[in-house]
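Novice:
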Amino acid sequence: MTARAPLRHATVTDRELPDGERVLLTPDGSGVLVLNPLGSVIWTLCDGAHDVEGMARIIGERFPEVAPEQIARDVNAVLKQLAEAKLLDDVS
Amino acid sequence: MSASFRRCFRALDLTVSVASDVPTVAATLDMLTSCYELVPRAEDYAYTIDQASSYTARVNDVVLYESASEHEVVSAIELDIYDRVMRAAQGRWLVHAATLAHDDRGLVLVGASGAGKSTMALALVAKGASYVTDEMTLIDERGVCRGLGRPLTLESRPDAMFTQGMRVAVAGSGAAQSVWVAPPPERRSVTALERHTWVHLSQGPGELRRLTSGEALVAFWGQSLTTDARALAIATDVVSGMPAYAVRGQSIAESAELLESLLAGPGGSN
């Protein structure tokens, strides 16, 4: 289950790609997760200070062309991906 | 030891010597090391094979492997060199990939085992590219590409039309058989390549498609032999700055044609 205010692992290596994508290295180095620009913003908001609703609000301001329902779905999907890749701290 | 064969060469960041006075082993070692860049002396590891009741391989005078099989002791040396090369490459991006040189530009072929990297490399050398490696490609902090200069290594003897002018040797037998192909010196390159085009090879309906940097990273990282943060930084720079393509064909011949069009077109030189 995703934490209320998700917090990214401090030790995760991440690099930006030229087209706004972001690549994250899984802790064991065996895989990479590439996030699209929206996912990249979600990752930066995983600072332990933003809950899902707060993230969705900020992203809605950043991507006004995307419907709020879509943003809510995307936030949850990206957080699930990050949790499955063990890139978030396990706090709640 | 008065060696009937001794050769010093560069295996990526290491300089290595191999020597043996056992005539048949010497011939095999000569083939195995024929594509590496020669150096005047070896600073890192000295390998020897001698024969008493069995064959014994040593590295820096320490026994590495003993066997009644000549092929097994030679393989033990080969694998030990690869292992040490991989360890010495930490902090750079080492990829399980074949590389050819074409007009001073590298063409790096990445694909899962069995995707046909070595066969494709041989086909492209037969069409005029220079052979760099079919096994390990190293990208350093400056983005410069080099390869492990072992001979092309195949599971079965290739079509003779691909190996005209090349040295071919078969070692071992059955499942342990290796076919080594050494292109002549003028068809090999040990030059460090500053510009490179990256290709992900797979089998299926013919397709040539430019990859986004994210797609390229996912495709190529899967074949990384170094997987730390510094390797990722280099890999990210590579996919951000060098062209990357997916090439898919039903056969090596179809994929080779697609690759040739890539090399001939603007994508191969940008």
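For the record, the sequence lines run as chains A and B. For the first sequence, counting from 1, position 16 maps to 318 in my numbering; every step adds exactly one. For the second sequence, counting from 1, position 84 maps to 1027 in my numbering; every step adds exactly one. Beta carbons: idealized from backbone N, C-alpha and C, even for Gly.
1. Can you tell me whether threonine 313 of chain A is buried or exposed, with buried defined as 16 or more other CB within 10 angstroms of its CB?
2. Can you find the residues in the same chain that come closer than 7 Å, C-beta to C-beta, to aspartate 1077 of chain B, ignoring five residues on each side of it along the sequence?
3. Is it the case that the stretch 1027–1039 of chain B contacts the stretch 955–973 of chain B, given that we only count it when at least three CB pairs across the two stretches are under 8 Å?
4. Among B:Tyr979, B:Arg1085 and B:Val1113, whose alpha-carbon lies nearest the alpha-carbon of isoleucine 1024 of chain B?
5. Measuring alpha carbon to alpha carbon, tell me which of B:Ala1207, B:Glu1200 and B:Arg1152 ends up nearest alanine 1187 of chain B.
6. Quick one: which unbroken alpha helix (DSSP H) runs of 4-plus residues sit fully inside the stretch 349–376 of chain A? Chain order, please.
7. Would you please state the rounded distance, in angstroms, between the beta carbons of alanine 1019 of chain B and alanine 1044 of chain B? I believe it to be under 8 Å.
8. Using the DSSP secondary-structure output, state which residues sit across from aspartate 321 of chain A in a beta bridge.
9. Using the Cα positions of valine 1017 of chain B and asparagine 1003 of chain B, report the straight-line distance between them to the nearest angstrom.
10. DSSP on leucine 389 of chain A, reduced to helix/strand/coil?
11. Does the distance from the CB of leucine 340 of chain A to the CB of glutamate 323 of chain A come in under 8 Å?
12. Can you list the residues of chain B that valine 325 of chain A reaches, using a CB-CB cut of under 8 Å?
13. In the DSSP assignment, the alpha helix (DSSP H) including arginine 1027 of chain B goes from what residue to what residue?
14. Ends of the alpha helix (DSSP H) at valine 1087 of chain B?
15. Under DSSP, the beta strand (DSSP E) around leucine 1043 of chain B begins and ends at which residues?
16. Taking the DSSP output, what are the residues bridged to serine 1145 of chain B?
17. Less than 7 Å between C-beta atoms, sequence neighbours within five positions excluded: which residues of the same chain meet that for glutamine 994 of chain B?
18. Does the beta carbon of threonine 346 of chain A sit closer than 8 Å to a beta carbon anywhere in chain B?
19. Taking beta-carbon pairs under 8 Å, can you tell me which members of the stretch 1110–1140 of chain B lie near chain A?
20. Between the C-alpha atoms of serine 960 of chain B and arginine 949 of chain B, what's the straight-line distance to the nearest angstrom?
21. According to DSSP, is aspartate 993 of chain B helix, strand or coil?
22. Could you check which residue in A:Ala387, A:Val380 and A:Asp391 has the C-alpha nearest to that of serine 342 of chain A?
23. Would you call the stretch 1173–1182 of chain B and the stretch 1191–1202 of chain B touching, i.e. three or more CB-CB distances under 8 Å?
24. Quick one: residues in its chain with C-beta nearer than 7 Å to the C-beta of arginine 1130 of chain B, no 5 flanking neighbours on either side, listed in chain order?
25. What does leucine 389 of chain A touch in chain B if you count any residue whose Cβ is under 9 Å from its own?
26. Relative to chain A, which residues along the stretch 1183–1209 of chain B have a C-beta separation below 9 Å, given in chain order?
27. Under the rule that 16 or more other beta-carbon atoms within 10 Å means buried, what is arginine 317 of chain A, buried or exposed?
28. Is glutamate 1203 of chain B helix, strand or coil by DSSP?
29. Does any residue of chain A have a CB that is nearer than 8 Å to the CB of serine 963 of chain B?
30. Could you please give me the residues that DSSP links to histidine 1139 of chain B through a beta bridge?
31. Return helix, strand or coil for serine 977 of chain B, following the three-state DSSP convention.
Specialist: On the basis of the data shown:
1. exposed
2. Ala1041, Lys1060, Ser1061, Ala1064, Leu1095 and Thr1096
3. yes
4. B:Tyr979
5. B:Arg1152
6. 354–364
7. Actually they are not in contact, since the Cβ atoms of alanine 1019 of chain B and alanine 1044 of chain B sit about 30 Å apart, beyond 8 Å.
8. Beta-bridge pairing links aspartate 321 of chain A to no other residue.
9. 16 Å
10. coil
11. no
12. Gly1157, Leu1160, Leu1175 and Thr1179
13. 1013–1031
14. No alpha helix (DSSP H) holds valine 1087 of chain B; DSSP gives it neither H nor E.
15. 1036–1045
16. B:Arg1191
17. Val965
18. no
19. Of all residues in the stretch 1110–1140 of chain B, none has a Cβ within less than 8 Å of some Cβ in chain A.
20. 7 Å
21. strand
22. A:Val380
23. no
24. Val1068, Ser1073 and Tyr1074
25. The premise fails here: leucine 389 of chain A is roughly 14 Å from chain B at the closest Cβ pair, so nothing lies under 9 Å.
26. Ser1183 and Gly1184
27. buried
28. helix
29. Answer no: the Cβ-Cβ gap between serine 963 of chain B and chain A never drops below 8 Å.
30. B:Gly1049
31. coil
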